[in-house]
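Below is one structure; the comments refer to it alone.
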Amino acid sequence: MFLEKIGCKQHRSKGGHLIFVRKDLARPIVVQSHIDPVPEFIVRNALRALGIQKKDFFKILKS
């Protein structure tokens, strides 16, 4: 999973949500696990919280 590739760890899950944390983040990243694919707005919100640009996101996915 992308979040694990960039150093986030799954902290817990609740219902259909996975909660990821990383020491340098002010807030956890919450991803809905019961929706496939994950909606674009959730990905955009996570990228914003992580400080990652879209082009860098695609580079990481390809690696």
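Each residue of the sequence shown is one higher than the last, beginning at 0 in numbering that gives the first Met the number 0. The beta-carbon is built from N, C-alpha and C at its ideal position, and this holds for glycine as well. Bear in mind that the values here come from a model prediction, so they are computed numbers and not experimental data.
For the putative contact between residue 41 and residue 5, defined by C-beta atoms under 8 Å, what is the C-beta separation to the nearest angstrom? That belief does not hold up - the Cβ atoms of residue 41 and residue 5 are roughly 16 Å apart, past 8 Å.
Going by DSSP in three states, residue 20 sits in which element: helix, strand or coil? strand
What is the residue span of the alpha helix (DSSP H) that residue 51 lies within? From DSSP, residue 51 is part of no alpha helix (DSSP H); its letter is neither H nor E.
In angstroms with no decimal places, state the Cα-to-Cα distance between residue 9 and residue 21. 9 Å
Can you name, in chain order, every residue of its own chain whose Cβ lies under 7 Å from the Cβ of residue 11, other than the five neighbours on each side? 18
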